[in-house]
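**Q** One structure is given below, represented as C-alpha cells, and several questions about it will come after.
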Amino acid sequence: MTYHLRPYQKDAVHRVIRHFRQSDDPALLVLPTGAGKSLVISELARIARGRVLVLAHVKELVEQNHAKYQGYGLKASIFSAGLGLKEDSEQVIFGSVQSVVRNLKRFCHAPEQKTFTLLIIDECHRVSMEKDSSYQKVITHFQQLNPNLKVLGLTATPYRLGMGWLYQYRQTSGNKGVIRTEEPRFFRECLFELPLSYMVDNGYLTTPEVIDAPLVFYDFSQLVRDSFGRFGDQALNQLLQGKARATQQIIKHVQQAATGRKGVMVFAATVDHAREIMGYLPPEQSALIIGETPVKERDQLIAAFKRQQFKFLVNVSVLTTGFDAPHVDLIAILRPTESVSLYQQIAGRGLRLAPGKEDCLIIDYAGNRFSLYSPEVGTPKPDSRAVPVTVPCPACGHDNNFWGIVDDDGDLIEHYGRRCQGFELSADGHREQCNFRYRFKECDQCGAENDIAARKCHSCQRALVDPDNKLREALNLKNCLVIRCSGMEMDSDTTSHGRQRVKITYHDEDGAQVHEYFGLDSPAQQGAFYHRFGKHALINRGEPFRAVSVDNVICSRKKFRKPDFVIAQKEKRYWKIIDKLFDYQGRYRKAEAL
C-alpha cells in the first residue's frame, strides 16, 4: 500500500527535518485526533539515516504505528510484552516504554548495527521531568549512546496537569512566536501545531454537533481542585451521591439522543458514578471499562464495541487517548474536565470519519463551558466561570490566550493574564519577550512595571513595597481607613462651579464607602485619571481607551475593575484616597473570599 501525506503532514515533516538539521534540542508536534500521527511517524522513520525507536505507552498505539510503517512495504521490529514480541533486529523498532525500560541492555550498539539517531515518543504528554520516570530513563540511556540523539514528541494535548505546557517556545511567523512557560521543559520547542478547526473545515474529521445539555445537568462549580488542578474522587463522589435523580434523567436523555446512533461513549466522573450509570442503561447493550478492568477483558470489550455488538461504552479516564472506534457518533460528557485539551480529546473520540457517518453529537452534562475549538490556555481554571479568551497585545500585536470571564453580551469583564507571551527573535537568535504587562506592581522609586508577585524591581533593583506592610501600617493609624472593596460605582457628578466630573465610589462589606473624583476637561486631567486609576483598573489594557469625556468614561464603566483594597486618609471634612491595591496577593482576606 502506498500512503500519500496530506499537505499539513508534509509541512510537519519538513519542519522536523529543518529543526534537527540546526539543533539537537528535543521538540514536539501537536496534531489533533484523526490528524494521522502514525503517517507522520512512519515518514520520519522511513527517511531517517540511523536507527529509530518509536515509543508509545499502550500496546494499541505500538501496533497501530507499526502497521502504518509496514504499509510502506518496509520491515520493522516490535518490542512490546503486551503484543508478545520483543524483537530488536530491524533498523526501526516500535516499542512500549514499559518493555523497553526493563530491557535497556538489549539496546546497545552492536558492531554490525547503525547508531540510534532518532527517538520518537507518541502521546508525549506522558513524559515527565522526573529523572527516575520510565521515559526519562529510556531517553537518558539513548542519549548516552548518542549525545546527538534527536528526540521528537507527538501529542494532541501539549498540556499536562500539575506541570502546564510541555514545551517552552513556538515560533508562529517570521521571527515572532509565543513563550508558553519560563520554566525549563524537556521539549524546548513546538515545531508545528494544527488546530482541530482545520481538520473539521477541510473534511478530515466528522462535523461535531455540540448541543446544550437539557435543564438537568451537574454543577461542579463549587468543587475545589487539588494543587495539580484536578478534582478528587472523594469530593466528586460526595457531590454525586445526592444526584441520583439527576443521573437517571441524564441517562434517559442520552438514550433518547442515541436513537438512530451507532456508537455512544459515556465519560463518567468516578468509578462509583460509572457503575451507577450502568444501572440505568440496558445491560445487553452496555459495557464498562475502568482502570481496574483486566487487560484481556478490556481488549475483548473494545473489540466487541468496534464490531458494534453493543451500543453504550462507559469509561472513567481510560479511553481519552489511544482509542480508535470510528463508528462512535455520540459523546456524552458527565465529568468535569480540567483543561481545554482534555475536553477536546474526549470529544475527539467521536470525530473520526466512518462510512455513513454524517456527524457526531456531543452533549456536555457537566457544565465545562469549553468550546471545541478553544485554544489551550496552559494553566488550571482560576474560576469556574472562566473561559478561554483572546487578548491582543497593543505593543507587539501578539494574540494572547488567557482565562477570562465574559458577561451575557460576550463582553470581557475580567481576564487573568499578567504579561504578553509574545517574543521576537533577535539577530543573534535570542528570544526577547515582549515587555507589555496587563497586570503589574509599580515601583515607587522608578515607576517600572513589575510582575504582581515580584519583590524586587527588575529595572532599578530596589525592593518593592510589600502590600501587606501597606495594609498593616494603615490599619494601625487612627487617621487611616482601609476599605476591603466589595463593590465599585462610577457616576457623573458636578463641582460647585457646575463642571462635570467622574465620581467613583468604593464600598466595603460593612457599608463604609469612600469617593474620588476626576475632571476630564484638559489633557492633564485625563492623564491624571489614567495614572491614578485607569492603568490599573482597565480590565484589558490591550484595548485602546482614552478618557476624553465624563460621558465616555461612564458609558465604558464595564471596562474597569474594582481594586481589592482602598486606603484613605482623614482630611478635615472627607477621606482622601492615598492608595489602591489591585491584584492583591497576601495574608489579608479580600472581600469576595468569605
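For the sequence shown, the positions run 322 to 915 when this note's numbering is used.
Using N, Cα and C, we set each Cβ at its ideal position, and we do this for glycine too.
1) Using a threshold of 8 Å, state whether the C-beta atoms of V874 and V823 are closer than that.
2) Taking R506 as the reference, which of S518, P468, S449 and N558 has the closest Cα?
3) Are the stretch 644-658 and the stretch 586-598 in contact at 8 Å, needing three or more beta carbon pairs?
4) Taking N469 as the reference, which of Q621, F437, S695 and Y480 has the closest Cα?
5) Are the beta-carbon atoms of R336 and F513 separated by less than 8 Å?
6) So, helix, strand or coil for G855, using DSSP?
7) If we count the other Cβ atoms within 10 Å of its Cβ and call it buried at 16 or more, is K632 buried or exposed?
8) Please classify K426 as buried or exposed, where buried requires at least 16 other C-beta atoms within 10 Å of its C-beta.
9) Could you give the first and the last residue of the continuous alpha helix (DSSP H) run that contains R367?
10) According to DSSP, simplified to helix, strand and coil, what is L482?
11) Can you name, in chain order, every residue of its own chain whose Cβ lies under 7 Å from the Cβ of A397, other than the five neighbours on each side?
12) Would D902 pass as a contact of K880 if the rule is Cβ separation under 8 Å?
13) Distance, Cα to Cα, R628 vs M484?
14) For A578, which residues from the same chain have a beta carbon less than 7 Å from its beta carbon, with the 5 sequence-adjacent residues on both sides left out?
15) In its own chain, which residues sit with a C-beta less than 8 Å from the C-beta of G743, not counting the 5 before and 5 after it?
16) If we count Cβ pairs, one from each stretch, closer than 8 Å, do we get three or more for the stretch 473-490 versus the stretch 670-678?
17) Here's the rule: buried if 16 or more other CB atoms are within 10 angstroms of the residue's CB, otherwise exposed. What is S359?
18) Which value, in whole angstroms, describes the spacing of the CA atoms of Q419 and H378?
19) Within its chain, find whatever has a CB closer than 6 Å to the CB of Y838; leave out the 5 residues flanking it on each side and keep chain order.
20) Hey, how far is the Cα of R706 from the Cα of S662?
21) Which of helix, strand or coil does DSSP assign to P709?
22) Any idea if L634 is buried or exposed, counting beta-carbon neighbours within 10 angstroms, 16 or more meaning buried?
23) Could you pull out every residue in the same chain whose Cβ sits closer than 6 Å to the Cβ of G474, ignoring the five residues on either side in sequence?
24) If you run the structure through DSSP and keep just helix, strand and coil, what is L915?
25) Report the rounded CA-to-CA distance for G855 versus F723, giving the unit in angstroms.
26) So, for L526: in the same chain, excluding its five sequence neighbours on each side, which residues have a beta-carbon less than 6 Å away from its beta-carbon?
27) Considering only residues of the same chain and omitting the five flanking positions on each side of H779, which have a CB-CB separation below 7 Å?
28) Would you call Q330 buried or exposed, if buried means 16 or more other Cβ atoms sit within 10 Å of its Cβ?
29) Could you say which of P788, S363, A624 and K617 lies nearest to A774 if we only look at CA atoms?
30) Please report the distance separating the alpha-carbon of L285 from that of D729.
31) Taking the beta carbon of L915 as the centre, do at least 16 other beta carbons fall within 10 Å, making it buried, or is it exposed?
32) List the DSSP bridge partners of S420.
33) Below 8 Å between beta carbons: does that hold for P696 and C806?
34) Pull the bridge partners of N523 from the DSSP assignment, please.
35) Quick one: complete alpha helix (DSSP H) runs, 4+ long, within the stretch 745-805?
36) Grab the span of the alpha helix (DSSP H) containing L663 for me, first residue to last.
**A** Well, looking at it:
1) Looking up residue 874 in the sequence shown gives position 553. Looking up residue 823 in the sequence shown gives position 502. It is a contact, given that the beta carbons lie within the stated cut-off.
2) Counting from 1 along the sequence shown, the entry for residue 506 is found at position 185. The shortest Cα separation from R506 among S518, P468, S449 and N558 belongs to S449.
3) Contact between the stretch 644-658 and the stretch 586-598 is present: 3 or more CB-CB pairs across the two stretches fall below 8 Å.
4) Locating residue 469 in the sequence shown gives position 148, where the first residue counts as 1. The candidate whose alpha carbon is nearest that of N469 is F437.
5) For the purposes of this step, residue 336 is taken as residue 15 along the sequence shown, with counting starting at 1. For the purposes of this step, residue 513 is taken as residue 192 along the sequence shown, with counting starting at 1. Cβ atoms of R336 and F513: closer than 8 Å.
6) The sequence position of residue 855 within the sequence shown is 534, counting from 1. Three-state result, G855: helix.
7) For the purposes of this step, residue 632 is identified with residue 311 of the sequence shown, where counting begins at 1. Buried, because 16 or more other Cβ atoms sit within 10 Å of the Cβ of K632.
8) Numbered from 1 along the sequence shown, position 105 holds the residue referred to as residue 426. K426 comes out exposed.
9) As a working note, residue 367 is residue 46 in the sequence shown. From DSSP, the alpha helix (DSSP H) with R367 extends over K358 to I368.
10) Translated into positions along the sequence shown, residue 482 becomes position 161. If DSSP states are grouped into helix, strand and coil, L482 belongs with coil.
11) Within the sequence shown, numbered from 1, the residue matching residue 397 stands at position 76. The answer, listed in chain order, is H387, Y390, Q391, E411, V413, I414 and F415.
12) Numbered from its first residue, the sequence shown carries residue 902 at position 581. Numbered from its first residue, the sequence shown carries residue 880 at position 559. Before going further, note that residue 902 is Leu rather than Asp in the sequence given. For L902 and K880, no; Cβs fall outside 8 Å.
13) Here residue 628 is taken as the residue at index 307 of the sequence shown, counted from 1. Here residue 484 is taken as the residue at index 163 of the sequence shown, counted from 1. Here the alpha carbons of M484 and R628 stand approximately 38 Å from one another.
14) Counted from its first residue, the sequence shown places residue 578 at position 257. Excluding positions up to five away in sequence, the list reads L651, L682 and I684.
15) What you label residue 743 is simply residue 422 of the sequence shown in a count that begins at 1. Same-chain partners within the cutoff: K497, G498, V499, I500, C714, C717, G718, H719, N721, Q754 and C755.
16) Result no; under three Cβ-Cβ pairs closer than 8 Å.
17) Walking along the sequence shown from the start, residue 359 turns up at place 38. Classification of S359: buried, given that the 10 Å Cβ count is 16 or more.
18) On the sequence shown, position 98 is the one that residue 419 refers to. On the sequence shown, position 57 is the one that residue 378 refers to. Distance between the alpha carbons of Q419 and H378: 7 Å.
19) As a position in the sequence shown, residue 838 is number 517, starting the count at 1. Short of 6 Å from the beta carbon of Y838, and not among the five residues preceding or following it, lie these beta carbons of its own chain, in chain order: R822 and K824.
20) The sequence position of residue 706 within the sequence shown is 385, counting from 1. The sequence position of residue 662 within the sequence shown is 341, counting from 1. Cα to Cα, R706 sits roughly 18 Å from S662.
21) Translated into the one-based positions of the sequence shown, residue 709 becomes position 388. In this structure, P709 counts as strand in the three-state DSSP scheme.
22) Translated into positions along the sequence shown, residue 634 becomes position 313. With 16 or more other Cβ atoms within 10 Å, it is buried.
23) Within the sequence shown, numbered from 1, the residue matching residue 474 stands at position 153. Correct list, in chain order: L349, I442, C445 and F508.
24) Translated into positions along the sequence shown, residue 915 becomes position 594. Since pLDDT at L915 reaches only 42, below the 50 mark, its modelled position is unreliable, and no value is offered.
25) Walking along the sequence shown from the start, residue 855 turns up at place 534. Walking along the sequence shown from the start, residue 723 turns up at place 402. If I take the Cα positions, the gap works out to 21 Å.
26) For the purposes of this step, residue 526 is identified with residue 205 of the sequence shown, where counting begins at 1. Within the same chain, L526 has close Cβ partners G355, M520 and L672.
27) On the sequence shown, position 458 is the one that residue 779 refers to. Counting only Cβ-Cβ distances below 7 Å, and skipping sequence neighbours, we find A769 and N771.
28) As a first step, residue 330 must be located in the sequence shown, where it is residue number 9. The residue is buried, with at least 16 neighbouring Cβ atoms inside 10 Å.
29) Along the sequence shown, one-based indexing puts residue 774 at 453. Nearest of P788, S363, A624 and K617 to A774, Cα basis: P788.
30) Any property of residue 285 remains undetermined from this structure, which presents the chain solely from 322 to 915.
31) Taking the first residue of the sequence shown as position 1, residue 915 is located at position 594. Here the model assigns L915 a pLDDT of 42, short of 50, so the residue's position is not dependable and the matter cannot be decided.
32) The residue you call residue 420 lines up with position 99 of the sequence shown. According to DSSP, which records beta bridges pairwise, S420 is partnered with nothing at all.
33) In the sequence shown, the residue the question calls residue 696 occupies position 375. In the sequence shown, the residue the question calls residue 806 occupies position 485. Contact flag unset, no.
34) Residue 523 sits at position 202 when you count from the first residue of the sequence shown. In DSSP, N523 forms no bridge with anything.
35) 788-796
36) Translated into positions along the sequence shown, residue 663 becomes position 342. Bounds of the alpha helix (DSSP H) holding L663 are V661 to G669.
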